[in-house]
Amino acid sequence: MASTFVLSFIALISIAITIPLCMSSPKTALRGFETRLIHRDSPESPLYNPSLTRAQRKEAARRRSIARQNYLTRRMSPAAVSNATARIDYDNGVYVMRYKIGTPPVDTFGYFDTASALIWMQCNPCKKCYNQSIPIFEPGKSSSYRKLMCDDDRVECGLVPDNGCPSEDGSCTYITAYEDGASSEGVASKETFMLEGETIPDMTFGCGLKNSDTDPDENPPGVVGAGREPSSLVAQLIRERTRFSFCISPFNRGNRSNVKFGSKAVIHEGNQTPLLPGRYGWYHIGVEGISVDGTRLNISEDVFRWRPEGRGGIIIDTGTTYTHLASEAYYAVQSAVINALPNYKHKINPHSEFLLCYDSDDGFHMNIAPDIEFHFRDDRRHGFDYTLDPTNVWNEDDCMTIKPDYHGLSVLGINQLENVNVGIDLQNNIVTFKDTDDCRDT
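For reference, each letter of the sequence shown is one residue, going -24 to -1, 1 to 418 in mature numbering (1 follows the signal peptide of the UniProt record, and there is no 0).
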């Protein structure tokens, strides 16, 4: 009990620092690099199931979207903050990232998730593992693998989420339980990673020895946590690469999505907003208001303000497909859109994923819809205005792809950020936005 308390205390102190320096990172200066992000439903994805119909894919995406929103809401609850094993949702990722691990390197992949704290994957010898589409990682065959030990690696073990010491063999263990019944339990470890030819030694990750997945059709080896916590991919690369950026291409235009680190990250001079402090390692940003059709809506700034007890705020999340706004903001936007289109009949379906829809047979087209503009603030409090592209707001069914959140959290989802380069500078704590016609050109 005493050692567990000490580890937890060390972890809390370290997490209070925005960019922790105690988690090992690359020992030498490394060049910038980029890697592709592949939509899970793309034919190029290792999760692609060619037998699914278009309707089945849409239904699966709808379920994942709802699960993701529920997960983020639960993470804000006081119970989740106080409970080290608070359940989260596992199988609601959208984009996967390929990489190599070990010496000699072997191929693997995982969900790229900016709201997750840990990189983990299934490992042999498995006490309990689910089926996956590629061979399970064999740490015993890698000359660069080692376990984190409770005595020798006390500080680093303390930074691994849900860590446990002591164990039977003195190794640092972890357990992650997910809301859908899936779980991963194993050993916190060190290993060499390779991303797009860049070799990165001594990366901390979870080697899962007891894992369960409740969906037999969707079996990724694990998760690439990319939040701001010390054990995530981003935080471990931070000493050498203080910035990263990502750009999401529309799914129907080919696989052009990418994430870039270090010198290759695209951080634009204009359209900057502060990266704000907050819990859970999420990427909080500052929004002062929203306009529809050029008119500023009567929404209190408090709606978008993160509060110390963990409620509210607005974040960027690669695992959230569609933007959702705190209910006060959402219904203000919905009413303003309806009022701006008095000659077009709208439909409100409370049982649908998207509440506000129009009918193309009535003459509606997204190009006649009013602009929706976010007012971001910058460090000088002057702010900048960012108008969402109509193709990122309306879908093929003429529904507005923005959703209400009844627990106060607003999330800028990737559908609203398609063909937008999002740059995150963790040294200067800024986030930048830049429109592009093609993510390959950023």
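We put the CB at the ideal spot given by N, CA and C, even for glycine.
According to DSSP, simplified to helix, strand and coil, what is Asp83?
The residue labelled residue 83 in the question sits at position 107 within the sequence shown. Note: Asp83 maps to strand in three-state DSSP.
First and last residue of the alpha helix (DSSP H) that includes Gly134?
What you label residue 134 is simply residue 158 of the sequence shown in a count that begins at 1. From DSSP, the alpha helix (DSSP H) with Gly134 extends over Arg130 to Gly134.
Within 8 Å, do at least three Cβ pairs link the segment 196 to 207 to the segment 374 to 387?
At 8 Å Cβ cutoff, the stretches do not touch.
With a threshold of 7 Å on Cβ separation, who are the neighbours of Leu209 within its own chain once the five nearest residues in sequence on each side are excluded?
Taking the sequence shown and counting its residues from 1, the one referred to as residue 209 is at position 233. So the qualifying residues of the chain are Ile95, Val200, Gly201 and Ala202.
My assumption, with CB atoms under 8 Å, is that Gly257 sits in contact with Ala93. Please give the rounded CB distance.
As a working note, residue 257 is residue 281 in the sequence shown. As a working note, residue 93 is residue 117 in the sequence shown. Right, their Cβ atoms sit about 6 Å apart.
What does the alpha-carbon distance come out to for the pair Glu174 and Phe9?
On the sequence shown, residue 174 is found 198 positions in, with the first residue counted as 1. On the sequence shown, residue 9 is found 33 positions in, with the first residue counted as 1. Taking the straight line from one Cα to the other gives about 7 Å.
Near Arg416, what residues of its chain come up, given a Cβ to Cβ distance below 7 Å and the 5 sequence neighbours on each side ignored?
Here residue 416 is taken as the residue at index 440 of the sequence shown, counted from 1. Once the five neighbours on either side are set aside, the close Cβ partners of Arg416 are Arg232.
So if DSSP puts Gln248 in a beta bridge, which residue, or which two residues, is it bridged to?
Counting from one through the sequence shown, the residue named residue 248 turns up at place 272. In DSSP, Gln248 forms a bridge with Thr408.
Tell me whether the beta-carbon of Ile292 lies closer than 7 Å to the beta-carbon of Leu213.
One-based indexing of the sequence shown puts residue 292 at position 316. One-based indexing of the sequence shown puts residue 213 at position 237. No, Cβ-Cβ distance for Ile292 and Leu213 is not below 7 Å.
Just the C-alpha distance for Thr4 and Pro22, rounded to the nearest angstrom, thanks.
Position 28 of the sequence shown, counted from the first residue, corresponds to residue 4. Position 46 of the sequence shown, counted from the first residue, corresponds to residue 22. Confidence at Thr4 is low in this model, with a pLDDT of 45, below 50, so its placement is unreliable and the value that follows should be read with caution. About 32 Å.
Using only the alpha-carbon positions, how far apart do Met125 and Cys133 sit?
Reading the sequence shown from its first residue, position 149 is the one you call residue 125. Reading the sequence shown from its first residue, position 157 is the one you call residue 133. Each residue's Cα considered, the two are about 8 Å apart.
Between which two residues does the beta strand (DSSP E) holding Thr90 run?
Looking up residue 90 in the sequence shown gives position 114. Unbroken run through Thr90: none, as it is neither H nor E.
Hey, how far is the Cα of Ile243 from the Cα of Ser143?
Taking the sequence shown and counting its residues from 1, the one referred to as residue 243 is at position 267. Taking the sequence shown and counting its residues from 1, the one referred to as residue 143 is at position 167. The alpha-carbon atoms of Ile243 and Ser143 are separated by roughly 44 Å.
Determine the extent of the alpha helix (DSSP H) in which Gln212 is found, giving its start and end residues.
Counting from 1 along the sequence shown, the entry for residue 212 is found at position 236. Leu209 to Leu213 is the span of the alpha helix (DSSP H), which, as asked, contains Gln212.
Within a Cβ cutoff of 6 Å, which residues of the same chain sit near Ser225, ignoring the five residues on either side of it in sequence?
Residue numbering aside, residue 225 sits at position 249 when the sequence shown is read from its first letter. These residues qualify, in order along the chain: Arg232, Ser233 and Cys415.
Specify the secondary structure class of Asp138 as computed by DSSP and reduced to three states.
Here residue 138 is taken as the residue at index 162 of the sequence shown, counted from 1. Looking at Asp138 - three-state DSSP - the assignment turns out to be coil, as it is neither helix nor strand.
Once DSSP output is grouped into helix, strand and coil, what is the label at Ala345?
For the purposes of this step, residue 345 is taken as the residue at position 369 of the sequence shown. In the structure shown, Ala345 sits in coil (DSSP, three-state: anything other than H, G, I, E or B).
Given a threshold of 16 other Cβ atoms within 10 Å of its Cβ, counted over all protein chains shown, does Asn325 qualify as buried or as exposed?
On the sequence shown, position 349 is the one that residue 325 refers to. Burial call: exposed.
According to DSSP, which residues form a beta bridge with Glu167?
Reading the sequence shown from its first residue, position 191 is the one you call residue 167. Glu167 pairs with Met179.
Assess, as a yes-or-no matter, whether the segment 293 to 306 is touched by the segment 332 to 349 under the definition of 3 or more beta carbon pairs within less than 8 Å.
The segment 332 to 349, when compared against the segment 293 to 306, does not touch it at the 8 Å Cβ threshold.
Taking only the alpha-carbon atoms, compute the straight-line gap between Ser109 and Gly182 and give it to the nearest angstrom.
Position 133 of the sequence shown holds residue 109. Position 206 of the sequence shown holds residue 182. Each residue's alpha carbon lies about 19 Å from the other.
Taking DSSP as the reference, what is the three-state secondary structure of Ser239?
In the sequence shown, counting from the first residue as 1, residue 239 sits at position 263. Correct three-state label for Ser239: helix.
Secondary structure at Glu277, three-state DSSP: helix, strand or coil?
Along the sequence shown, one-based indexing puts residue 277 at 301. Glu277 falls in the helix class under three-state DSSP.
Rounded to a whole number of angstroms, what is the C-alpha to C-alpha distance between Gln392 and Lys103?
Here the question's residue 392 lines up with position 416 in the sequence shown. Here the question's residue 103 lines up with position 127 in the sequence shown. Spanning the two alpha carbons is a distance of roughly 42 Å.
Taking the C-alpha atoms as reference points, what is the distance between Val235 and Cys223?
Along the sequence shown, read from residue 1 onward, the residue named residue 235 stands at position 259. Along the sequence shown, read from residue 1 onward, the residue named residue 223 stands at position 247. Their Cα atoms are separated by approximately 7 Å.
Pro366 by DSSP, collapsed to three states: which one?
Locating residue 366 in the sequence shown gives position 390, counting from the first residue. The answer is helix: DSSP assigns Pro366 an H, G or I state.
Once you ignore the five residues that flank Ala241 on each side, which residues in its own chain have a CB closer than 7 Å to its CB?
Position 265 of the sequence shown holds residue 241. Result list for Ala241: Gly8, Arg219, Phe220, Ser221 and Gly399, in chain order.
What distance in whole Å lies between the Cβ atoms of Gly78 and Tyr121, which are believed to be in contact at a cut-off of 8 Å?
Your numbering for residue 121 matches position 145 in the sequence shown. Your numbering for residue 78 matches position 102 in the sequence shown. Sure, about 6 Å apart at Cβ, within 8 Å.
From Gly339 to Asn368, what does the alpha carbon distance come to, in whole angstroms?
As a position in the sequence shown, residue 339 is number 363, starting the count at 1. As a position in the sequence shown, residue 368 is number 392, starting the count at 1. Near 20 Å, if we compare the C-alpha coordinates of Asn368 and Gly339.
Using the beta-carbon count (16 or more within 10 Å), is Gln310 buried or exposed?
Numbered from its first residue, the sequence shown carries residue 310 at position 334. Its Cβ being crowded by 16 or more others within 10 Å, Gln310 is buried.
Which whole-angstrom value describes the C-beta separation of Asn274 and Ala316, a residue pair presumed to lie in contact below a C-beta threshold of 8 Å?
The count along the sequence shown starts at 1 and reaches residue 274 at position 298. The count along the sequence shown starts at 1 and reaches residue 316 at position 340. In fact, because the Cβ distance is near 15 Å, the residues do not count as touching under 8 Å.
Suppose contacts are defined by Cβ-Cβ distances below 7 Å. Is Arg353 in contact with Gly262 by that definition?
For the purposes of this step, residue 353 is taken as residue 377 along the sequence shown, with counting starting at 1. For the purposes of this step, residue 262 is taken as residue 286 along the sequence shown, with counting starting at 1. Going by C-beta atoms, Arg353 is nearer than 7 Å to Gly262.
Among Ser328, Lys321, Glu329 and His327, whose alpha-carbon lies nearest the alpha-carbon of Asp335?
Here residue 335 refers to the residue found at position 359 when the sequence shown is read from its first residue. If we check each option's Cα against that of Asp335, Lys321 comes out closest.
Please tell me whether Cys148 and Ala164 are closer than 7 Å, where the distance is taken between their beta carbons.
Sequence index remark: in the sequence shown, residue 148 carries index 172 (1-based). Sequence index remark: in the sequence shown, residue 164 carries index 188 (1-based). Cβ distance < 7 Å, so Cys148 and Ala164 count as in contact.
Taking the alpha-carbon of Val279 as reference, which of Thr296, Lys186 and Leu385 has the nearest alpha-carbon?
Here residue 279 is taken as the residue at index 303 of the sequence shown, counted from 1. Nearest of Thr296, Lys186 and Leu385 to Val279, Cα basis: Leu385.
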